[in-house]
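Chemist:
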Amino acid sequence: MSAQIGQQQKELAKLIERYSCRDGVHKTTVPSLFFIR
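In UniProt numbering, the protein residues as written are 1 to 37.
#1: For the beta strand (DSSP E) containing Val25, list its first residue and its last residue.
#2: Please name the residue or residues paired with Ile36 in a DSSP beta bridge.
#3: Between Ile16 and Val25, is the Cβ-Cβ spacing less than 7 angstroms?
#4: Work out the CA separation of Gln7 and Pro31 for me, nearest whole Å.
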(Lines of atoms letter the chains of each structure in order from A; the text may use other names.)
(Lines give C-alpha, C1' and ligand atoms only; values in the text may rest on other atoms or scores of the structure.)
Protein backbone atom coordinates (compact mmCIF):
# COMPACT_ATOMS: atom_id res chain seq x y z
CA MET A 1 0.00 0.00 0.00
CA SER A 2 1.38 3.40 -0.88
CA ALA A 3 1.94 6.12 1.69
CA GLN A 4 -0.61 8.29 -0.11
CA ILE A 5 -3.34 5.66 0.21
CA GLY A 6 -2.49 5.18 3.89
CA GLN A 7 -2.79 8.93 4.48
CA GLN A 8 -6.11 9.07 2.65
CA GLN A 9 -7.45 6.19 4.76
CA LYS A 10 -6.49 8.06 7.94
CA GLU A 11 -8.25 11.20 6.69
CA LEU A 12 -11.36 9.19 5.82
CA ALA A 13 -11.38 7.56 9.26
CA LYS A 14 -11.25 11.00 10.90
CA LEU A 15 -14.17 12.23 8.79
CA ILE A 16 -16.21 9.14 9.62
CA GLU A 17 -15.55 9.64 13.33
CA ARG A 18 -16.43 13.34 13.09
CA TYR A 19 -19.76 12.89 11.33
CA SER A 20 -20.98 9.63 12.86
CA CYS A 21 -20.61 9.80 16.62
CA ARG A 22 -22.02 6.30 17.18
CA ASP A 23 -22.37 2.95 15.46
CA GLY A 24 -25.43 2.29 13.36
CA VAL A 25 -27.14 3.48 10.19
CA HIS A 26 -26.72 7.14 9.26
CA LYS A 27 -28.64 9.17 6.67
CA THR A 28 -26.80 11.11 3.98
CA THR A 29 -27.87 14.04 1.81
CA VAL A 30 -28.67 11.51 -0.93
CA PRO A 31 -32.19 10.22 -0.13
CA SER A 32 -31.56 6.56 -0.97
CA LEU A 33 -27.98 6.37 0.37
CA PHE A 34 -27.14 5.40 3.95
CA PHE A 35 -23.82 5.05 5.75
CA ILE A 36 -23.32 2.16 8.17
CA ARG A 37 -20.63 2.42 10.82
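Idealized CB from N, CA, C, for every residue including glycine.
Modeler: Let me lay it out:
#1: 25-27
#2: Val25
#3: no
#4: Answer to the nearest angstrom: the Cα atoms are 30 angstroms apart.
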